[in-house]
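Student: Following numbering that gives the first Met the number 0, the numbering of the sequence shown begins with 0 at its first residue and continues without gaps.
Backbone N, C-alpha and C fix where the C-beta goes; we use that ideal spot for every residue, glycine too.
For reference, the structure I am asking about is given below.
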Amino acid sequence: MRIGILALQGAFIEHKFALDALGIESFEIRQKRDIEKPFDGLIIPGGESTVIGKLLRQLDLFEPIKEMIENGMPVFGTCAGLIVLAKSIEGENPHLGVMDISVRRNAYGKQIDSFSNEALIPEISIAPFPLVFIRAPWIDSVGENVQVLCELNGHIVAAREKNMLVTSFHPELTKNTAVHEYFMNMIKGE
Ligand code: GLN
């Protein structure tokens, strides 16, 4: 199994470390020729969604990646990656616009820049795991085919729609690999 990690900006190397810990091969996607060889799953990391969206277009990665996801490529978006995938962004135009979720950027406000919490997500793991939020979005609403995986204080922070998995928190910034393992199982079709 080979996983492509979008490495245009943001916290991409941390995803590589998480996959390394699971013994999964990964590679960085920085330009169009990086996606020529087949691969099995894609990670869109945290960072700044506006910057990632702009670079996707500038580097001619936007259309091929959108098409890949629409054709079923498993994708995991964390934080900015979640925003990049969303069909609707409060007050802004969407980027890839492939997942039926409406999101609010920097939803926790300037006062709470980052915080951590813990949650039990039965679909993902039998034990609670840490959630790290950094200038995080939340999901305001989801379409009917979207499965809500986690709500925290009344706001949706993890969801899945078919081949697409998103978290507004950063599992790659913790030592816990449960969400990455869940994504690997998604790819294997379990
Ligand atoms: N605030 C960023 C954005 O709106 C997301 C932050 C993150 O990815 N940690 O794109």
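1. To test your reading of the DSSP string, which unbroken beta strand (DSSP E) runs of 3 or more residues are found completely within the segment 67-120?
2. Could you pull out every residue in the same chain whose Cβ sits closer than 6 Å to the Cβ of L55, ignoring the five residues on either side in sequence?
3. Within its chain, find whatever has a CB closer than 6 Å to the CB of I43; leave out the 5 residues flanking it on each side and keep chain order.
4. Considering only C-alpha positions, which residue in the set F38, W137 and I64 is nearest to E89?
5. Rounded to the nearest angstrom, what separates N152 and S124 at their Cα positions?
6. Can you tell me the Cα-Cα spacing of L119 and L148, whole angstroms?
7. Helix, strand or coil for Q8, going by three-state DSSP, please let me know.
8. For a test of your reading of the model: does the CB of N92 fall under 8 Å from any non-hydrogen atom of the ligand GLN? Yes or no.
9. My assumption, with CB atoms under 8 Å, is that A197 sits in contact with T176. Please give the rounded CB distance.
10. Would you give the residue range spanned by the beta strand (DSSP E) that R201 belongs to?
11. Would you say the beta carbon of P136 comes nearer than 8 Å to a heavy atom of the ligand GLN?
12. Let's test the definition: count the other Cβ atoms within 10 Å of the Cβ of I111 and tell me whether it reaches 16, buried, or not, exposed.
13. Whole angstroms is fine: what's the gap from I100's alpha carbon to M67's?
14. According to DSSP, R56 sits in a beta bridge with which residue or residues?
15. Confirm the yes/no value for this check: CB of R104, any heavy atom of the ligand GLN, distance under 8 Å.
16. Tell whether a beta-carbon distance below 9 Å holds between E160 and V178.
17. Following the continuous alpha helix (DSSP H) through V178, name the residue where it begins and the one where it ends.
Tutor: In this structure, then:
1. 74-77, 85-88, 98-103 and 113-118
2. Working through the sequence shown from its first residue, we reach residue 55 at position 56. So the qualifying residues of the chain are F61.
3. Position 44 of the sequence shown, counting from 1, holds the residue named residue 43. L5, G76, G80 and V83, listed in sequence order.
4. Reading the sequence shown from its first residue, position 90 is the one you call residue 89. When only C-alpha atoms are compared, the closest one is W137.
5. As a working note, residue 152 is residue 153 in the sequence shown. As a working note, residue 124 is residue 125 in the sequence shown. When only Cα atoms are considered, N152 and S124 end up about 20 Å apart.
6. The sequence position of residue 119 within the sequence shown is 120, counting from 1. The sequence position of residue 148 within the sequence shown is 149, counting from 1. C-alpha separation (whole angstroms): 10 Å.
7. The count along the sequence shown starts at 1 and reaches residue 8 at position 9. Q8 falls in the coil class under three-state DSSP.
8. Translated into positions along the sequence shown, residue 92 becomes position 93. Incorrect: N92 has no Cβ contact closer than 8 Å to the ligand GLN.
9. Because the chain spans 0 through 189 in this model, residue 197 falls outside it and cannot be assessed.
10. This structure cannot speak to residue 201, because the chain is shown only from 0 to 189.
11. Here the question's residue 136 lines up with position 137 in the sequence shown. P136 Cβ: within cutoff of the ligand GLN.
12. Here residue 111 refers to the residue found at position 112 of the sequence shown. When all chains shown are included, I111 counts as exposed.
13. Against the sequence shown, residue 100 aligns to sequence position 101. Against the sequence shown, residue 67 aligns to sequence position 68. The C-alpha of I100 lies about 19 Å from the C-alpha of M67.
14. On the sequence shown, residue 56 is found 57 positions in, with the first residue counted as 1. Paired residues: none, contrary to the question.
15. Here residue 104 refers to the residue found at position 105 of the sequence shown. For the ligand GLN, at least one heavy atom lies less than 8 Å from the Cβ of R104.
16. Residue 160 sits at position 161 when you count from the first residue of the sequence shown. Residue 178 sits at position 179 when you count from the first residue of the sequence shown. No, Cβ-Cβ distance for E160 and V178 is not below 9 Å.
17. Taking the sequence shown and counting its residues from 1, one reaches residue 178 at position 179. For V178, the enclosing alpha helix (DSSP H) has its first and last residue at A177 to K187.
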